[in-house]
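Encoded as structure tokens, the structure appears first; notes follow it.
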Amino acid sequence: MTVSERAHELAIAAAQAAADKKAQDITIIDVGDQLAITDAFVLAAAPNERQVLAIVDAIEERLLEMPDKAKPIRREGERGGRWVLLDYVDIVVHVQHTEEREFYGLDRLWKDCPTIPFVDRDLVEADAGSATAE
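Numbering of the sequence shown is given in our numbering, commencing with residue 152 and proceeding in unit increments.
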């Protein structure tokens, strides 16, 4: 894995913020060996433009709350709400409408790169709660 500790921390925080807003198909791709400009891509999808924008806002808020506040140096695509890109230098976040996610297939484009495991903490807590109830 070539991602820095900072990039890993940002990527996991961004992915969790997206999950908290019910993003779908969240993936973190380690692109550090392939790109010199960033370490990781965080990909997330939503079924409508309003949710895409809500996910983007949640990610920005979460990363600003971190001890080493992170603010994107660039934010693109917000007006249409179909594909919003947040560039944090260490990571680049892509929040896409489900149709764009399927059409552009960033997962397929970067399939040779390793992924960084991410599990929504709410799913872990739900599994732990159901296991203790049995």
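Positions of the beta carbon are idealized from the N, C-alpha and C atoms, including for glycine.
A quick note: this is a predicted structure, and the numbers were derived from the prediction, not measured.
CB contact flag (residue i, residue j, <8 angstroms)
i: Ala197; j: His245; result: no
i: Val182; j: Ala191; result: yes
i: Ala174; j: Ile224; result: no
i: Ala158; j: Ile242; result: yes
i: Tyr255; j: Leu161; result: no
i: Leu194; j: Thr178; result: yes
i: Ala164; j: Arg226; result: no
i: Phe269; j: Ala187; result: no
Residue burial classification, residue i (beta-carbon count within 10 angstroms, cutoff 16)
i: Lys220; result: exposed
i: Ile180; result: buried
i: Lys172; result: buried
i: Leu237; result: buried
i: Val275; result: exposed
i: Arg252; result: buried
Sheet register partners of residue i (DSSP bridge)
i: Arg226; result: Leu237
i: Thr266; result: Ile180
i: Ala174; result: Answer is none; Ala174 lacks a bridge partner.
Extent of the continuous beta strand (DSSP E) run through residue i
i: Ile242; result: Ile242 to His248
i: Leu194; result: Ala191 to Ala197
Endpoints, the alpha helix (DSSP H) within which residue i is located
i: Leu204; result: Glu200 to Leu215
i: Ala169; result: Glu156 to Asp171
i: Asp258; result: Leu257 to Leu260
Close beta carbons around residue i, own chain, < 6 angstroms, minus the five adjacent residues each side
i: Asp271; result: Ala170
i: Asp176; result: Ala196
i: Val154; result: Asp181, Gly183, Asp190 and Ala191
Contacting residues, own chain, Cβ-Cβ under 7 angstroms from residue i (five flanking each side not counted)
i: Glu250; result: none
i: Asp228; result: One detail in the question is off: residue 228 reads as Gly in this sequence, not Asp. Trp234, Val235 and Leu236, listed in sequence order.
i: Lys222; result: Leu215
Close Cβ partners of residue i (< 8 angstroms) along its chain, the five nearest in sequence each way excluded
i: Trp261; result: Ile180, Val182, Gln185 and Phe192
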